[in-house]
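S.K.: The sequence shown finishes on residue 54 if you use this note's numbering, and the numbering steps up by one all the way, no holes. C-beta: ideal position from N, C-alpha, C; glycine also. All values reported here derive from a predicted model rather than from experimental measurement. Just passing along the structure, written as structure tokens.
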Amino acid sequence: MHAAAPWNASYRLGRTLNFDPATEQAVDDEGPNRIRRDTDRGYRAPYVAPEQV
Numbered sequence: 002m003h004a005a006a007p008w009n010a011s012y013r014l015g016r017t018l019n020f021d022p023a024t025e026q027a028v029d030d031e032g033p034n035r036i037r038r039d040t041d042r043g044y045r046a047p048y049v050a051p052e053q054v
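The structure is reproduced here in structure tokens:
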């Protein structure tokens, strides 16, 4: 996870987070974990990376 990701989730949700760096998950709060999963999906169509660059 990028170092700014917990801060970004905190900003987007408008509250402070309890973050466990060992598991890279928010503690007792599913909102930030859901944001993290949504951003980990990669590229979305039609914005895809070509197989060969």
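Count the other CB atoms within 10 Å of the CB of P33; is the residue buried (16 or more) or exposed (fewer)?
M.R.: P33 is buried by the Cβ-count criterion.
S.K.: How would you call V10, buried or exposed, if buried means at least 16 neighbouring beta carbons within 10 angstroms?
M.R.: One point to set straight first is that residue 10 is Ala, not Val, in the sequence displayed. That one is buried.
S.K.: Using the Cβ count rule (16 or more neighbours within 10 Å means buried), how would you classify A50?
M.R.: So A50 counts as exposed.
S.K.: Can you tell me whether A27 is buried or exposed? The criterion is at least 16 other CB atoms within 10 Å of its CB, across all chains shown.
M.R.: With 16 or more Cβ atoms within 10 Å of its Cβ, A27 is classed as buried.
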